[in-house]
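Offset between the sequence shown (1-based) and our numbering: plus 28.
Glycine included, each C-beta is placed from N, C-alpha and C at the ideal position.
In this text, all values refer to a predicted model and were calculated from it rather than measured experimentally.
As structure tokens, the structure follows; a few thoughts come after it.
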Amino acid sequence: MKDHKPIVSSVGVSSSGTEAVLVEAEVNPTENEEKVKTAIVNMFGNIPMNLQTQRIGSLLIAETRSRDALENFRAVLRRDRVRAAARKLLRTSIRGNVISFFLNKQVAFTGHVSFSQETGESSLGPIKVVIETEMPRELIDWLAPRSA
């Protein structure tokens, strides 16, 4: 998977705290592109996607500034009852105004969330998620609020 490039220029982050969301997933030659798309849709809803051909396989890229994508992800975290774990992982994933993490592609295809490492946990590779926001801690508090 290629290195993260700032997505401010392509998606934009406004002074009002709007989040820019970038989702990338490699589509290996042995994978069904529609299943990889389904994995992303299951986590972030119906966001615009583009397919870029690579030397081996292709890269599915989804970008949005819509809060709907994060609403969907928030609902999955709540439904799967992983908010505390998600909160901890997301907080350690903050770099400046960027939250970057990986999801297991196969688990996402089934409609559930499982955080993963960039390499080694799945032969198919992960889904890479990069969120740019002016207030990363506040966004995490909203995505994965503390349980009562």
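Item: For L152 and L105, the rounded distance between their alpha carbons; Value: 23 Å
Item: Segment contact, 8 Å Cβ cut-off, at least three pairs: the stretch 83-95 with the stretch 109-127; Value: no
Item: Start-end ranges of the alpha helix (DSSP H) lying completely within the stretch 105-156, minimum 4 residues; Value: 111-120 and 133-137
Item: Where M163 sits in the DSSP three-state scheme; Value: coil
Item: Three-state secondary structure assigned by DSSP to T66; Value: helix
Item: Identified DSSP bridge partners for N78; Value: I89
Item: Nearest candidate by alpha-carbon position, reference N87, set S175, V135 and K156; Value: The displayed chain sequence assigns Leu, not Asn, to residue 87. The shortest C-alpha separation from L87 is found at K156.
Item: Same chain only: Cβ atoms within 7 Å of K30, ignoring 5 sequence neighbours per side; Value: Residue confidence is low: K30 scores 43 on pLDDT, short of 50, so the model does not pin down where it sits. No coordinate-derived value is stated.
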